[in-house]
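Notes follow the structure.
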Amino acid sequence: MERQLLKDPEAFPNAEVLEAELGRLYAVLRALMQTIEAEDFGLEPEWRFYRDGKAWLCKVALKRKTVAWLSVWSSCIKLAFYFTEKSGTGIPDLDIQDAHKEQYRTREPVGKLRPLVVELRTKGQLRDAYTLLRYKISTL
Numbered sequence: 426m427e428r429q430l431l432k433d434p435e436a437f438p439n440a441e442v443l444e445a446e447l448g449r450l451y452a453v454l455r456a457l458m459q460t461i462e463a464e465d466f467g468l469e470p471e472w473r474f475y476r477d478g479k480a481w482l483c484k485v486a487l488k489r490k491t492v493a494w495l496s497v498w499s500s501c502i503k504l505a506f507y508f509t510e511k512s513g514t515g516i517p518d519l520d521i522q523d524a525h526k527e528q529y530r531t532r533e534p535v536g537k538l539r540p541l542v543v544e545l546r547t548k549g550q551l552r553d554a555y556t557l558l559r560y561k562i563s564t565l
């Protein structure tokens, strides 16, 4: 059964903690973080413990604008994007897996926002994540 990790409010998710929690998935997270923090993206990850969810989440931001939310699970890394009706209109045209497009199309909105969650288990799955990050940045 899938369970959310990083539940200890006292254990800031530094490289050592993340590697211990994620095991083989740490290489995927490391590749993601290195890419999004590089000049091409220029995104800033900000880890914070959220008491309502009782876990550490990483807000991925461009300046002060939230681009995505990252959470760590026992079987994957989840990268969640939230789009307004207007900002999500280009998703069907993106070069991403059809399953992501279908998920976006059928997922119930959260308030005025429609979520799209990408589950990352391998480095090969990062391509869709990068495409969505670029798209989300273009809508800000």
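Heads up, the sequence shown is in my numbering, so the first residue is 426 and it goes up one at a time.
The C-beta atom is built at its ideal place from N, Cα and C for all residues, glycine as well.
Worksheet item: Between G513 and the rest of its own chain, which residues show a CB-CB distance below 6 Å, the 5 nearest in sequence each way excluded?
Response: Annotation for G513: R539 place their beta carbon closer than 6 Å to its own, counting only its chain and skipping 5 residues before and after.
Worksheet item: Considering only C-alpha positions, which residue in the set I521, F474, V543 is nearest to Y507?
Response: Its Cα nearest to that of Y507, the residue V543 stands out among I521, F474, V543.
Worksheet item: In this structure, what does DSSP give as the bridge partners for T491?
Response: Paired residue(s): A486.
Discussion item. Counting beta carbon pairs with one atom in the stretch 438-447 and one in the stretch 487-495, are three or more of them shorter than 8 Å?
Written reply: Verdict: no, contact absent.
Discussion item. Would A486 and E471 be called neighbours here (beta carbons separated by less than 8 Å)?
Written reply: Between A486 and E471, the gap from beta carbon to beta carbon is short of 8 Å.
Worksheet item: So, T547 versus V453, is the Cβ gap smaller than 8 Å?
Response: Yes.
Worksheet item: Using the rule of at least 16 other Cβ atoms within 10 Å of the residue's Cβ for burial, across every protein chain shown, is Y529 buried or exposed?
Response: Y529 should be labelled buried.
Item to complete: Mark V535 as exposed unless 16 or more other C-beta atoms lie within 10 angstroms of its C-beta, in which case mark it buried.
Response: Note on V535: under 16 other CB atoms within 10 angstroms of its CB, so exposed under the neighbour-count rule.
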